[in-house]
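Here's the structure, in structure tokens; my notes come after.
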Amino acid sequence: MSQSSKQKSKVLVPPVERQESMSSSTFELYKTNISSEENPKSTEGTRGYSSSENTEGTGNAGGPGGRGISPVWLFFERGKSSSAGHYSAKCSYCASKWARGEPQKLEAHLALECAYVDDEVRQIYLLRVSNRDQSNEAESDIQTVLKKQKINKQSSISKFFPQSGGGLSEARINAINSSLLKAFVVCGIPFSVVENPFFIDLLQNLCPNYQPPSREVLAGRLLDQEHSKIIVKREAIFQESKNLTI
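Going by our numbering, the first residue of the sequence shown is number 19, and it counts up by one from there.
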């Protein structure tokens, strides 16, 4: 293959006109629903959308057992159903395609990968991806409150004999995951090692209550999240230094 052919294959498809002409009212609705997802307690006026990051859209939002459509789909074309509740996706900006469009992957694409995404949309999803820990912690707090009464009824013997299956706080798990990822990246450790039985045994001896993430989660969601945090922090420092020179 010639050099010109290789360069030609790298040219991205320009954004489609439908995305560029998105009405301001539609975009404001999108931002409203993003805000409601960040704050699970605020759901008024967001019917038809789900606060779950894993929601992929089933087309029967509001129905019995149905899941709402994630706002990220406003920036993607939903294709044929690949399985129950799952659809293929095509980016409305660069035409990248997914056989199975998962909201977390689509959000990471807008935040970190798409070359044609609007700056405002990119910033929204950079913050959203980098703040996934806080969203998970909020949901964990809600579950803790719901289970509090049941926990109080359990035998107090657990106070004297802690069980290995006891839970770590969401914040603690996130901190360990972050340190684990940094060690893998900086030391050049293959992500597959996280699923090695001997490595898992090491982690269990160090912290019996900690369950390490899978290779897919470590190299996917967690890596995207840390990448987004670095970009957000870097841009904040750049903006601060820019303001100081003005």
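Idealized CB from N, CA, C, for every residue including glycine.
Assigned exposure category for residue 215 - 16 Cβ within 10 Å defines buried: exposed
message: So, for residue 132: in the same chain, excluding its five sequence neighbours on each side, which residues have a beta-carbon less than 8 Å away from its beta-carbon?
response: 109, 111, 112, 114 and 140
- prompt: Which one of 118, 125, 224 and 261 has the shortest CA to CA distance from residue 143?
  reply: 125
query: Using the C-alpha atoms, what's the distance from residue 150 back to residue 246?
result: 10 Å
Paired residues, beta bridge with residue 107 - DSSP: 96 and 116
- prompt: Could you check where the alpha helix (DSSP H) with residue 194 kicks off and where it finishes?
  reply: 188–205
- request: Work out the CA separation of residue 147 and residue 116 for me, nearest whole Å.
  value: 19 Å
- prompt: Which residues mark the beginning and the end of the alpha helix (DSSP H) in which residue 222 is found?
  reply: 215–224
query: Starting from residue 148 and walking both ways along the alpha helix (DSSP H), at which residues does that stretch end?
result: 137–148
- prompt: Does the pairing of the region 227–240 with the region 184–196 give three or more beta-carbon distances under 8 Å?
  reply: yes
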